[in-house]
Amino acid sequence: MVVNGEEMNFDERVTIEELLKKLDLNLDKVVVETNLEIVTKEKYNEFVLNEADKVEIISFVGGG
């Protein structure tokens, strides 16, 4: 699959939640788009990604 423009391979299928954990990202501070569709946070633990998927992860960073 392609994540933020970078090819990634996994031995088994992963959910969005598992992907975010593997990338060490905070689930509450990101928005995930899969194949041009935004996935709601409630579906992160059940949405299984496929090797042909294109995933974009946008992180929110606080500052001031």
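Numbered according to this note's numbering, the sequence shown spans residues 1472 to 1535.
All residues carry an ideal CB built from backbone N, CA and C; glycine is no exception.
Bear in mind that the values here come from a model prediction, so they are computed numbers and not experimental data.
Kindly identify the DSSP beta-bridge partner or partners of residue i.
i       : result
LYS1525 : VAL1473
VAL1591 : Outside the shown range of the chain (1472 to 1535) lies residue 1591, about which nothing can therefore be said.
Thinking C-alpha only, which one of the options is nearest residue i?
i       : options                               : result
VAL1474 : GLY1533, VAL1502, LEU1496 and ASP1524 : ASP1524
LYS1493 : VAL1485, LYS1500 and ASP1499          : VAL1485
Between the C-alpha atoms of residue i and residue j, what's the straight-line distance to the nearest angstrom?
i       : j       : result
LEU1507 : SER1530 : 17 Å
GLU1478 : GLU1517 : 22 Å
PHE1481 : LEU1491 : 13 Å
GLY1533 : GLU1504 : 21 Å
GLU1483 : GLU1489 : 11 Å
Starting from residue i, trace the beta strand (DSSP E) both ways and give me its first and last residue.
i       : result
GLU1508 : 1508 to 1510
Please state whether DSSP places residue i in a helix, a strand or coil.
i       : result
GLU1478 : strand
VAL1504 : Sequence inspection shows Glu at residue 1504; the Val mentioned does not correspond to that position. It is a strand residue.
Is residue i near the ligand ZN, in the sense that its beta carbon is under 8 Å from a heavy atom of that ligand?
i       : result
ARG1484 : Ligands are entirely absent from the displayed structure, and the ligand ZN is therefore not among its contents.
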